[in-house]
Amino acid sequence: MNLKMIGGAIAGFAVLAVGAFVLWFFVLREDGPEAVSTDSALESLDKATATAAAGTTPASGATTAPTAGGSTTSTGINGTWNVDTSVETFVGYRVKEELAGIGGTEAVGRTAKVTGTVTIAGNKATAGTITADMTALKSQESLRDGQLRNQGIEYSKFPTSEFKLTGAVDVPATVESGTTAKVTLKGDLTLHGVTKSVEVPAEVTLKNGTLVVVGQITLQFADYEINKPNSPKVVGMEDKGVMELQLFLKKS
21 MNLKMIGGAI
31 AGFAVLAVGA
41 FVLWFFVLRE
51 DGPEAVSTDS
61 ALESLDKATA
71 TAAAGTTPAS
81 GATTAPTAGG
91 STTSTGINGT
101 WNVDTSVETF
111 VGYRVKEELA
121 GIGGTEAVGR
131 TAKVTGTVTI
141 AGNKATAGTI
151 TADMTALKSQ
161 ESLRDGQLRN
171 QGIEYSKFPT
181 SEFKLTGAVD
191 VPATVESGTT
201 AKVTLKGDLT
211 LHGVTKSVEV
221 PAEVTLKNGT
231 LVVVGQITLQ
241 FADYEINKPN
251 SPKVVGMEDK
261 GVMELQLFLK
271 KS
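Structure, rendered in structure tokens:
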């Protein structure tokens, strides 16, 4: 094989490699979901409501009285609310990382196994506990999910995380008419076996009898004694991550 043929072969391989990368980056790569937002949460609720309406019949005698904003206000917002996992309830993380041969990306993992209750009295959330099953975390990469069993959050040792309200949260009366309100959830977050006081910026909306809570907060790994996972595929990772939550609650 002469030099011209060798050069042509190398060029051909280079073109194939570039083409393969372009195909992966723009077509085959599975990006993580967008960050949580009230708009996307309400869209999920609308889809779930439409699906339920198409496939089920309300129990005999069950009635609701939607307002112009779409919420059900027959009994108001006060009462005990339970996490509803029939909609896309989740607690999760977002961490920026750099992968070998790929570059910067964002790892997004979420668990849909969430339980908990919130009590509202006098338009104040006076008590609430939310528990997430960390063993059910799923991201874009199953290999990453497996590594977190014994690295990072080490869910084999710490299978759950928990947020517990420690201060009353004002829930404006306007929420009952479908208005979204910004609130701050003050409480204790237990993650990786470590409990810290946190303040989570969140938004609360009532629609079709469902209380929707969306929020996120940046957490430093060191605060929760979390060591960054080691993997030949991961070149670098930030020392922090975003905890995000999307909760749908039904009154009991």
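Numbered according to this note's numbering, the sequence shown spans residues 21 to 272. By construction, the Cβ of each residue, glycine as well, lies at the ideal position given by its N, Cα and C atoms. These figures come from a predicted structure and were not determined experimentally.
- prompt: Cα separation between arginine 130 and alanine 201?
  reply: If you draw a straight line from the Cα of arginine 130 to the Cα of alanine 201, it comes to about 24 Å.
- prompt: What did DSSP end up calling tyrosine 175 once you bin it into helix, strand or coil?
  reply: DSSP, reduced to helix, strand and coil, places tyrosine 175 outside both helices and strands of the structure shown, so it counts as coil.
message: List, from N- to C-terminal side, the alpha helix (DSSP H) runs of 4 residues or more that fit wholly inside the stretch 164–225.
response: DSSP runs (the alpha helix (DSSP H)) wholly in the stretch 164–225: none.
message: Restricting to Cα atoms, I'd like to know which of Asp243, Met154, Ser57 and Lys116 is closest to glutamate 182.
response: The shortest C-alpha separation from glutamate 182 is found at Met154.
message: Do threonine 137 and tryptophan 101 have their beta-carbon atoms positioned less than 8 Å apart in this structure?
response: In this structure, tryptophan 101 sits near threonine 137, with a CB-CB distance shorter than 8 Å.
field: Sequence-distant residues of the same chain with beta carbon closer than 8 Å to aspartate 259, five excluded per side
entry: Closer than 8 Å at Cβ, skipping near neighbours: Gln240, Phe241, Ala242 and Lys248.
field: Beta-carbon contacts of asparagine 98 that lie in its chain and below 8 Å, excluding the five residues immediately before and after
entry: Result list for asparagine 98: Ile140, Ala141, Gly142 and Asn143, in chain order.
DSSP beta-bridge partners of alanine 145: In the DSSP assignment, alanine 145 is bridged to Ile140 and Val189.
- request: For valine 214, count neighbouring Cβ atoms within 10 angstroms of its own Cβ and tell me buried if that reaches 16, exposed if not.
  value: Valine 214 is exposed by the Cβ-count criterion.
query: If you count every other CB in all the chains shown that lies within 10 Å of the CB of leucine 43, and 16 or more means buried, which is it?
result: Any reading at leucine 43 needs caution, since the residue's pLDDT is 37, under 50, leaving its predicted position unreliable; the model's value is listed next. Exposed is the call here.
message: Given a cut-off of 8 Å on the beta-carbon distance, is the pair alanine 156 and lysine 177 in contact?
response: Their beta carbons are not under 8 Å apart, which means alanine 156 does not touch lysine 177 by this criterion.
query: Hey, out of Gln160, Thr135, Ser159 and Lys158, whose CA is closest to glycine 148's CA?
result: Ranked by Cα distance from glycine 148, the options Gln160, Thr135, Ser159 and Lys158 are led by Thr135.
- prompt: By the 10 Å Cβ neighbour count, where 16 or more other Cβ atoms means buried, how is glycine 198 classified, buried or exposed?
  reply: Answer is buried; the Cβ neighbour count reaches 16.
- prompt: Taking the DSSP output, what are the residues bridged to isoleucine 150?
  reply: For isoleucine 150, which the question treats as bridged, DSSP gives the partners Gly136 and Phe183.
- request: Sort Thr230, Gln236 and Val262 by Cα distance to valine 103 and report the nearest one.
  value: Looking at Thr230, Gln236 and Val262, the one whose alpha-carbon comes closest to that of valine 103 is Thr230.
Cβ neighbours of glutamate 264 in the same chain (closer than 6 Å, five flanking residues each side left out): Exclusion of the five residues before and after glutamate 264 leaves Val56, Gly112 and Gln236 as the residues of its chain whose Cβ lies within less than 6 Å of its Cβ.
message: According to DSSP, is alanine 120 part of a helix, a strand, or is it coil?
response: The DSSP-derived three-state label of alanine 120 is coil.
Cβ-based neighbour list, threonine 186, same chain, cut-off 8 Å, excluding 5 preceding and 5 following: Excluding positions up to five away in sequence, the list reads Lys206, Gly207, Asp208 and Ser217.
query: Quick one: what does DSSP say lysine 248 is sitting in, helix, strand or coil?
result: In the structure shown, lysine 248 adopts coil according to DSSP, grouped into three states.
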